Structures are given as C-alpha cells and as structure tokens.
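Participant:
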Amino acid sequence: MSPIDEEQLQGLQGVRDFLRIRTSYDVLPLSFRLIVLDNDLLIRKSLNILIQNNIVSAPLWDSHNGRFAGLLTSTDFINVIQYYNQFPEQIDSVEKFRLSSLRAIRLDIEKAINVQTLETVSVHPGRPLYEACSRMLRSRARRIPLVDVDDETGRETVVSVITQYRILKFIAVNTEQHTSLMKKTIRESNLGTYTNLATCSMTDSVLDVINSMVVRNISAVPVIDKNNVVLNVFEAVDVIPCIKGGAYDELKSTVGEALAQRPEDFPGIYTCQEEDRLDSIFQTVRQSRVHRLVVIDDDWHLKGILSLSDILKYVLFHGEDGYFPET
Ligand code: ADP
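Numbering (the numbering used here), first residue to last: 2 to 328.
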C-alpha cells in the first residue's frame, strides 16, 4: 500500500473511531426548536407550515395512540404529485388527504409506477453516531428521527431529526486532524457518479424532472445547457414551493420558473473537480451549506455528482473487508 493510501486509511479509521464514541445527542445544538406535525393535519396545511417555518421536513405524531408516526419529507410531496398524476380525476380527494394517508399513498404509488419507497427508520439518540450513520445509509434515508423511549411507560418522544448533512458537518468540524490525512483525489478514491447521469434543461417541465428523481431515487438533477455546461441544480426540496396552495398545475411549469421561486437565502450550488482531494472536500463541507457537489471540468462541463451519501458511505465503509450495507 502506498503511503498516501495508508494515510487516507488512517484518517478514515480516525473518523470511524470518533463516530463510535459520539452519539446523536452530541450532534444536536444546545438549544433548538422542533416542529412536530399532528398526523391528522391536512397535507395541504402541512405544506404551508413547512414553508412558513422555512423547514423541509418534520416528524409526525399520532395523537390517538401517543406514538411517533414517521417523517414528512419532500419525498412525500413528490409521492402526492405522482398520485395526482396517476389519478388526476382524484384531485378533490388529494385536497382532502391527511398526513395519516401518506403511507397508503406511498403504497399506491409503489404499485402504480413500480418503484420501491422506503420505510422511515428511527434511532435512539443515545446510540453511537456510527450506528445512526450506517442505519441511514442502509435505508437510503437522508434524515432519520431520533426517538427516545421511556423505559417504564414505553412512551416515545421524538427528540430531533438528524440528517446526513448535519453528520458530515459534525465530522468536518470536529475531526480535522483525521480528514486532513485524506489526500487522495476524489477520482483516486473512486468517489461519485460519472456515468448515466440524470440531467435536465431549464425548459424541461418540473414534472419530468420529478419523475426522473423518483425512478432513480436521487435527490437532485443538474440543470445543463445544450453544451453540457452546468447552469444550476434542481433539488427535491424545490418541489415544495411549486405546489404551495395546492397548485399542482404549476408542475407543468419549467425548471427555470421553479428555480426562480427559491428563497432569497438559497446558498447556491457547490462544485468540485475530479482532481480535488478529499481533505479539500471536507473543508468545503466545514465552511458551507453543501448538500451535494457537482463535479465539473475547467469549463463548467458536467462530469459527475458527488452526493453526501457517497461521501458518508466512503467514510464509514471503504476498505472494510468488502462489507457494504445491504439495502
Ligand atoms: P443523497 O443521498 O446524498 O441525497 P442522492 O440520493 O442524490 O444523494 O444520490 C444517490 C446516488 O445517486 C449517489 O451515488 C449519487 O452519486 C448518485 N446520483 C445523484 N444524483 C444523480 C444524478 N443526477 N444522476 C445520476 N446519479 C446521481
């Protein structure tokens, strides 16, 4: 093994050890707010609550049984859109759907368009962070709720929600002595996806892009021009403002129009090159609100996508005796 390989593995091992001695509680800020939605709320109303509070997901609470009832995310809205598309005559009932019907919608959509959606997994906040990460990767969830259970009463409390983004940020901020050892480039580390990329143009309809996200189970699609130059990235969360107020017809609008609705504090997109070293990627994660990196060449041509799950998977499992989490 070359010295650079050895050093990289040493760095990875350092991060893994760190994740084993820290818990999900450690990632949470000292004080935070948590918006939990009652499962009886109308889906339409829940959408407004998310927008008003500038959040993109929330845990659900079943107040009849006093139980945690899953996580509402942009995927659920995408499912509702797919449902509406499959059964347009049902628009009136779509308007009357409550959050508690999301599960049934999910199953209908699975059948109608033959994709597999995922069950929400949760993790106890006191468990090692390594476990939360591997659960997340295994279930392909981008966020999981932290659910505490009272030993005596068995009552569940949703403590918070932890995301891939938060965990990578936590790693980048707290383990610089380890991540700085990772000097291999992303190409040498075999990180990211470079073939069979899903892309779209500014004039494609939002609906088409949503379809490709569902079918491929990805959370973002680069927007390119006819010369393969990257202009922007359409993200799953961009769907939320599109269907505000039940405006499902707006989905026929173009990607360009939808991107114009982004909030003012939208952080922009992040790019990298195949020659960038992993330590510099961690530096970007440390300093910015990165949800994925678009891999480009010197002239902004699209080369690939480096997702947070690609990075997290590498950090947790690379070189681990061929062990890879089953989905
Ligand atoms: P994340 O879980 O971080 O949100 P995604 O779900 O978008 O990431 O990505 C899942 C996998 O699909 C990753 O391996 C990523 O490299 C790949 N991927 C992401 N976006 C695209 C795309 N537009 N085309 C092809 N592959 C993609």
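Cβ atoms here follow ideal geometry from the backbone N, Cα and C, with glycine treated the same way. All values reported here derive from a predicted model rather than from experimental measurement.
(1) Tell me whether Leu309 counts as near ligand 1, meaning its Cβ is closer than 6 Å to at least one heavy atom of that ligand.
(2) What does the alpha-carbon distance come out to for the pair Ile106 and Arg68?
(3) Nearest by alpha-carbon distance to Val210: which of Leu260, Ser135, Thr158 and Leu51 is it?
(4) Tell me whether Ser102, by its Cβ, gets closer than 6 Å to a heavy atom of ligand 1.
(5) Enumerated in chain order, which unbroken segments of the beta strand (DSSP E) with a length of 3 residues or greater are wholly contained in the segment 13-61?
(6) Among Arg23, Asn55 and Phe33, whose alpha-carbon lies nearest the alpha-carbon of Asp266?
(7) Grab me the residues of Thr204's own chain with a C-beta within less than 6 Å of its C-beta, minus the 5 sequence neighbours each way, in chain order.
(8) In whole angstroms, give me the CA-to-CA distance for Arg167 and Tyr85.
(9) Should the segment 175-191 be called in touch with the segment 3-16, which here means at least 3 C-beta pairs below 8 Å?
(10) According to DSSP, is Glu90 helix, strand or coil?
(11) Ligand 1 heavy atoms versus the CB of Val222: any closer than 6 Å?
(12) Between His65, Ile36, Val148 and Asn233, which has its C-alpha nearest Ile52's C-alpha?
(13) Straight-line CA distance for Val81 to Met2?
(14) Rounded to whole angstroms, what is the Cα-Cα separation between Ile110 and Gln178?
(15) If you reduce the DSSP assignment to three classes, tell me which class Val234 lands in.
(16) Do Val1 and Leu252 have their C-beta atoms closer together than 7 Å?
(17) Using the DSSP secondary-structure output, state which residues sit across from Phe69 in a beta bridge.
(18) Under 7 Å, do Ile296 and Gly127 count as touching if we go by C-beta distance?
(19) Would Val224 and Cys201 be called neighbours here (beta carbons separated by less than 7 Å)?
(20) Would the beta-carbon of Leu72 fall within 7 Å of that of Leu38?
(21) Please find out if some non-hydrogen atom of ligand 1 comes closer than 6 Å to the beta-carbon of Arg143.
(22) Between Leu279 and Glu258, what straight-line distance do the alpha-carbon atoms span, to the nearest angstrom?
Facilitator: Here's the rundown:
(1) yes
(2) 20 Å
(3) Leu260
(4) no
(5) none
(6) Asn55
(7) Thr255
(8) 33 Å
(9) yes
(10) helix
(11) yes
(12) Ile36
(13) 50 Å
(14) 46 Å
(15) strand
(16) What the structure shows of the chain is the stretch from 2 to 328, and residue 1 is not part of that stretch, so it cannot be assessed.
(17) Trp62
(18) Note that residue 296 corresponds to Val in the displayed sequence, not to Ile. Against a cut-off of 7 Å, the Cβ pair of Gly127 and Val296 comes out as no contact.
(19) yes
(20) no
(21) yes
(22) 35 Å
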